[in-house]
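In the working numbering, the protein residues as written are 1 to 124.
Glycine included, every Cβ here is placed at the ideal spot set by N, Cα and C.
For reference, the structure discussed in these notes is given below.
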């Protein structure tokens, strides 16, 4: 009887140790993911993106302001009337989910928007 109780205690200790190691590994992997995405986001500069983009959508001109740049390098632009678009540093602009159809910015790169006079950058 005494032998089976000590065996149960040992099993409980082993399970506790395994559970602790599992939780610790999970916590460390989450922290690693958080810090690696922050390091990646630091590589992307707000100065590389225009502060404002002027787009014509359905005959109406809208001002889209830079709202955020995700860790994946996608910049989100939002207009005061809650229209949204997205663009990457080398990719083409497109309406965000639920955005209106293609306008004068859709399919253009940042360089094309700048050349067309539709992209405005902050002065330093």
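- Distance from the Cα of residue 80 is smallest, within the candidate group 65, 88, 90, for 65.
- A Cβ-Cβ contact shorter than 9 Å links residue 118 with residue 55.
- In this structure residue 49 is in contact with residue 69, their Cβ atoms being roughly 7 Å apart against a cut-off of 8 Å.
- Where residue 110 is concerned, there is no enclosing beta strand (DSSP E), although the alpha helix (DSSP H) around it starts and stops at 110-115.
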